[in-house]
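Working notes, beginning with the structure itself.
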Amino acid sequence: MYQFFPSSFFNFEFTRVVGTVAFGGAELAECLDAATQIASDDPESWHRGWLVQAEKAHAIALEAVEHDDCIAARDAFLRTANYFRASQYMFNDRPGSPDPRVQELFARSVNAFHQAIPMLGHQTHVLEIPYQDGHLPGYLFLPRQGDETGRKVPVVVCINGADSTSEELYLLYGASGCDRGYAVLLFDGPGQGASLRKGRSAMRPDWEEVTTPVLDYAEQLAEEHPEWLLDLSRIALVGVSMGAYYALRGAVDLRVSACIAVDPFYDMFDLATSRMPPWFIRAWLAGWITDGMFDATWRMLSRWNFQLKWELTCYVDLWEVVAGGGYAGDAAVFVEE
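Residue numbers (the numbering used here): -13 to 323.
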């Protein structure tokens, strides 16, 4: 595969954006233009490169609205949402030292997606799914052919990965699922998307405790809106990477008929410690290396490896949100448990 950047991390995230071209999340020329502005492993240049494209796409969308060109406006709003998401991706909004750009760019991404909703071409409902003492934000997209044939439609529940959002997953599952006759339910679970950015909710491994209230709400919607023709005897969960792990956990609910788990991992501790030599991890677990030395080593190595720095910050953020800690060792222990 062609490498756009020397950094495998930047290259992967760049192709992640390019991969949404098929369903309107990007245009190849705009992506290539952004690439010319991005220096490998430089988060600020990554931010600026995608921010410029987001602003351009937003201007195109507004001009298209003025000319009643719904198709051009829809596509431009979807690209705007995706580019704003990408522009904040390399930053971390840590509880102790928040980067105000993250919240602003995330809000602009979601707002642009909402502006596209009336033009998507299929019935869309913005959801607030009851969960514990609050709600999980989500969407339900209904296929057009359900209304035309009178047949009930199967339901696909899509689960975000560690760093994705429901707005991004629309570009992967929502559009294609509706075109194929599925009702598609997307939501930001604990520690994901708007649930993380707005509510500072913690990630949790026992995703069966999340899937159950989501499916309960789907049953409520089917009862309140029989005209939506939701077939709850055919529910599938789908997820990629950490979303695949979550999907496998959630599939213990007997209402789930199928589970599609793409590229899952089976032990999050192994994933979290895979950047360090096995002997180092064994010595730390045996007590030969202290927690302080463990943390200092991670931080020292991350000074020369941006991907490690980014991942380390994510793990520490996870621990801080969950229990108020702030060390790589604490986060690793939490993940192991």
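Where is the CB? At the ideal position from N, CA and C, for every residue including glycine. Here the structure is a predicted model, which means the values were calculated and not measured.
For this session: Counting only the same chain and skipping the five closest in sequence on each side, list residues whose C-beta sits under 6 Å from that of G163.
Result: V142, V170
Problem set entry | Three-state class that DSSP yields for Y156 in the structure shown | helix
Exercise. How many angstroms separate the CA atom of Y168 from the CA atom of Q206?
Worked result: 18 Å
Exercise. Is it buried or exposed for D174, if we count other Cβ within 10 angstroms and need 16 for buried?
Worked result: buried
Exercise. Cβ of P123 within 8 Å of Cβ of S181?
Worked result: With contacts defined by Cβ atoms closer than 8 Å, P123 and S181 form a contacting pair.
Exercise. Across which residues does DSSP place V139 in a beta bridge pair?
Worked result: L216
Problem set entry | Proximity below 8 Å, CB of S410 to CB of E30 | In the structure displayed, the chain extends from -13 to 323; residue 410 sits before or after that span and is not available.
Problem set entry | Top-ranked residue by Cα proximity to G107, from L172, S288, E52, A161 | A161
Problem set entry | Nearest-angstrom Cα separation, counted from V3 out to M(-13) | Answer to the nearest angstrom: the Cα atoms are 15 Å apart.
For this session: Within 10 angstroms of the Cβ of A40, are there 16 or more other Cβ atoms? Answer buried if so, exposed if not.
Result: buried
For this session: Identify whether L122 lies in helix, strand or coil by the three-state DSSP scheme.
Result: strand
Exercise. Between the beta-carbon of I275 and the beta-carbon of A282, is there less than 8 Å?
Worked result: no
Exercise. Which class does Y117 belong to by DSSP, given the choice of helix, strand or coil?
Worked result: strand
Problem set entry | Residues of its chain near S187, where Cβ-Cβ distance is below 7 Å and the 5 sequence neighbours each way are ignored | P176, G177, S181
Exercise. Is A21 near F(-5), with beta carbons less than 8 Å apart?
Worked result: no
Exercise. From what residue to what residue does the beta strand (DSSP E) around L171 run?
Worked result: Residues 169 to 173.
Problem set entry | Spatially closest choice to W265 from G136, F280, Y252, by CA coordinates | Of G136, F280, Y252, the residue nearest in Cα terms is F280.
For this session: Taking V224 as the reference, give the member of H211, V238, D239, V248 with the closest Cα.
Result: V248
Exercise. If you draw a straight line from the alpha carbon of L128 to that of R289, how long is it in whole angstroms?
Worked result: 47 Å
Problem set entry | Span separating the alpha-carbon of S(-7) from that of Q23 | 15 Å
Problem set entry | From G10, F0, E13, residue whose alpha carbon lies closest to that of S26 | F0
For this session: For the beta strand (DSSP E) containing A247, list its first residue and its last residue.
Result: 244 to 248
Problem set entry | Unbroken alpha helix (DSSP H) run spanning S288, endpoints | Element bounds for S288: 277 to 288.
For this session: Inspect the beta-carbon positions of F99 and R87 and report whether they are closer than 8 Å.
Result: Cβ atoms of F99 and R87: not closer than 8 Å.
Exercise. Given a threshold of 16 other Cβ atoms within 10 Å of its Cβ, counted over all protein chains shown, does Q74 qualify as buried or as exposed?
Worked result: buried
For this session: Assign F(-2) to one of two classes, buried (16 or more other C-beta atoms within 10 Å of its C-beta) or exposed (fewer than that).
Result: exposed
Problem set entry | Distance CB(A102)-CB(R60) smaller than 8 Å | Yes, Cβ-Cβ distance for A102 and R60 is below 8 Å.
Exercise. Quick one: Cα of L216 to Cα of D202, how far?
Worked result: Just so you know, the alpha carbons of L216 and D202 end up roughly 13 Å apart.
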